[in-house]
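Asks:
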Amino acid sequence: MANTYREFIDQSVDFPQDGFEVRNDCLFFHGIELMELIEQYGTPLKLNYLPSISNQIQKARYHFGQAMVEIGYQGTYTYCYCTKSSHFAFVLDEVLKNNVELETSSAYDIHIIRRLFEQGKITKNTMLVHNGYKRELYAKLIADLINDGFNSVPVLDNQKELKLLSSMVTKPCNIGIRIATGEEPQSEYYTARLGIRHRNIQSFYEKEIADSDIFNLKMLHLFIDNGIEDSLYYWNELSKCLQVYCDLKKVCPTLDSLNIGGGFPTKQSLADEFDYQYLTQEIVRHIKEYCQKEGVPEPNILTEFGSYTVAESGATIYSIIDQKKQNDVEWWNMIDSSFITTLPDTWAINKRFILLAINNWNDPYERVNLGGLTCDNQDYYNVEAHVNNIYLPKYSTTRQQYIGFFNTGAYQNALGGYGGIQHCLIPSPKQILVRKDENGVLKSELFAEEQGHEVMLKILGY
Ligand SMILES: Cc1ncc(COP(=O)(O)O)c(C=O)c1O
């Protein structure tokens, strides 16, 4: 029987583990003393531990590199960063230290690309994979990049996009086609709305692209909705896409790349364990064997990992400001912000993140629900991914309790409309960056203060 929060965690999951440890009753994240950060900056706060981003990129490259050597794979591996998972300049700065390529998803992304180029952070050789549905503005901005000599590869989401681009692109360029993947049986629909149906791809290529002086089909793109996982569904979908690749390769000599999209898994719970080396080897082996069977050379492999790149760099920290006992069993620990606005995936898709107390690890623990500050009854978090309830050190009015949600670095700011108008006008929290200096010493800095009322009133027209 566990008596303290610390004993409870020890008995529930393997702890300490990579990135998390407890010293003197308090939690450290990647060696960062979180209590020190809270004392310096206050809560609520979003923390961005930037070295994690480079580590993730290097790890993925290592796994793919190893797998390719072991399996004797003839193609190359390219890491693209999917900007939509976090557009912040501090993220892109870290990502680009690793010489990666970039993937964009909307017209507004292209302005970021132009800015990065002006700042000398990318060159015209940086590969730019342009995904997403292309309306006129996005197509025009992509065409301008191509005409200006950038290494842009628009990936066609539908057949009409080719016509749109043809009217704007003047220089020969590489293009890709996104394959519409099938959905899992329990899904509400059969085929992803993104991409072109399997059976239409070859005839589309033969009719519209094969004889083009401008467009070379270089890449097939797929993104299996559930992400990359060791499941029958994933391997079946990958095989279906490989069949399209192989059929097309037999008639399209310029095709040499397979972009397997994003979806490399990240930890949502301390109980999650992913064998990335195994998963990578299986992907590489699967592709090689399929192509061998079909007698076509294996493609160069690209990935566009978003969550995998940035999720683990992020933490979101709150204070418990009160405990409301609404009946004998439902005790609500109120946080000093909102889940709907700061961790919207917890509210919208019931996503779970790693949740840990930051201090008071040697105190007794209790089962609680967590409530946000908005008036919305859905603004709560009450179930952990690895255990069915939430347990935290016992609430007390005589000492402060802080909690942290970890691996929150992907998508949450964009989906929560960071810096805009949020539910019940709960302000966007402050953002803190943590880097290592040249001696490996951790240094924090304030990136943005908590949103003030002036910004809100301005947006609202007052
Ligand atoms: C085309 C494309 N590539 C990559 C990604 C990144 O996915 P993830 O964050 O799961 O790695 C997405 C996410 O929606 C996507 O749509």
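Be aware that the sequence shown starts at 189, since it is given in my numbering, and climbs by one per residue. Heads up, the beta-carbon is just placed ideally off N, CA and C, and yes, glycines get one too. Please read these numbers as outputs of a predicted model, since none were measured by experiment.
Does the structure place the segment 449 to 460 close enough to the segment 503 to 521 that three or more beta carbon pairs sit under 8 Å?
Replies: As far as the Cβ criterion goes, the segment 503 to 521 does not touch the segment 449 to 460, which means the pair count is below three.
Asks: Would a C-beta distance cut-off of 8 Å place N335 and K351 closer than the cut-off?
Replies: Result no, Cβ atoms of N335 and K351 do not sit closer than 8 Å.
Asks: Quick one: is the Cβ of C429 within less than 7 Å of any heavy atom of ligand 1?
Replies: Checking every heavy atom of ligand 1 against the Cβ of C429, none is found closer than 7 Å.
Asks: For G559, which beta-bridge partners are listed by DSSP?
Replies: Paired residue(s): M522 and Y568.
Asks: Check whether the segment 431 to 450 touches the segment 470 to 482, taking contact to mean three or more Cβ pairs, one atom from each stretch, closer than 8 Å.
Replies: The answer is yes - the segment 470 to 482 touches the segment 431 to 450, with three or more Cβ pairs under 8 Å.
Asks: For the putative contact between L490 and C268, defined by C-beta atoms under 8 Å, what is the C-beta separation to the nearest angstrom?
Replies: The pair is a contact, with the Cβ atoms about 6 Å apart (cut-off 8 Å).
Asks: Between K322 and L561, what straight-line distance do the alpha-carbon atoms span, to the nearest angstrom?
Replies: Those two C-alpha atoms are separated by around 38 Å.
Asks: Considering only residues of the same chain and omitting the five flanking positions on each side of C563, which have a CB-CB separation below 8 Å?
Replies: So the list reads C612, once near-sequence residues are dropped.
Asks: Can the beta-carbon of L405 be found less than 8 Å from the beta-carbon of Y393?
Replies: Yes, they are a contact pair.
Asks: Cβ of A598 versus every heavy atom of ligand 1: is any distance shorter than 7 Å?
Replies: At least one heavy atom of ligand 1 is nearer than 7 Å to the Cβ of A598, so yes.
Asks: If we ignore side chains and look at the alpha-carbon of each, how far apart do I609 and L325 end up?
Replies: Cα-Cα distance, rounded: 26 Å.
Asks: Contact defined as beta carbons within less than 8 Å: I believe L408 pairs with G364. What is the distance between those atoms, to the nearest angstrom?
Replies: With a Cβ gap of about 7 Å, L408 and G364 count as contacting.
Asks: Enumerate, from N- to C-terminal direction, the unbroken beta strand (DSSP E) stretches of 3 or more residues contained entirely within the segment 255 to 305.
Replies: You should have 265 to 270 and 289 to 292.
Asks: Give the single residue among I416, Q199, P342 and D206 whose Cα lies nearest to the Cα of Y496.
Replies: Of the listed residues, the one whose Cα sits closest to Y496 is I416.
Asks: Please identify the residue among G605, N595, P487 and F541 whose C-alpha is closest to the C-alpha of M256.
Replies: When each option's Cα is compared against that of M256, the closest is P487.
Asks: Kindly indicate which three-state DSSP category S632 falls into: helix, strand or coil?
Replies: Of the three classes helix, strand and coil, the one that applies to S632 here is strand, per DSSP.
Asks: Less than 8 Å between the CB atoms is what I'm expecting for N576 and L558, so what's the real figure, rounded?
Replies: Contact doesn't hold; Cβ gap of about 14 Å is too wide.
Asks: Residue range of the alpha helix (DSSP H) that I528 falls in?
Replies: Note, I528: alpha helix (DSSP H), F527 to T530.
Asks: Taking the straight line between their C-alpha atoms, what separation do you get for E500 and S355?
Replies: Roughly 42 Å between the two C-alpha positions.
Asks: Helix, strand or coil for K646 per DSSP?
Replies: Here K646 sits in helix by DSSP.
Asks: Could you tell me whether the Cβ atoms of Y250 and V622 are closer together than 8 Å?
Replies: Their beta carbons are not under 8 Å apart, which means Y250 does not touch V622 by this criterion.
Asks: Say yes only if the C-beta of C270 is nearer than 7 Å to one or more non-hydrogen atoms of ligand 1, and no if none qualify.
Replies: Yes; taking the cut-off as 7 Å, the Cβ of C270 has a heavy atom of ligand 1 nearer than that.
Asks: I need the straight-line Cα distance from E306 to V317, nearest angstrom please.
Replies: Their backbone Cα atoms lie some 19 Å apart in a straight line.
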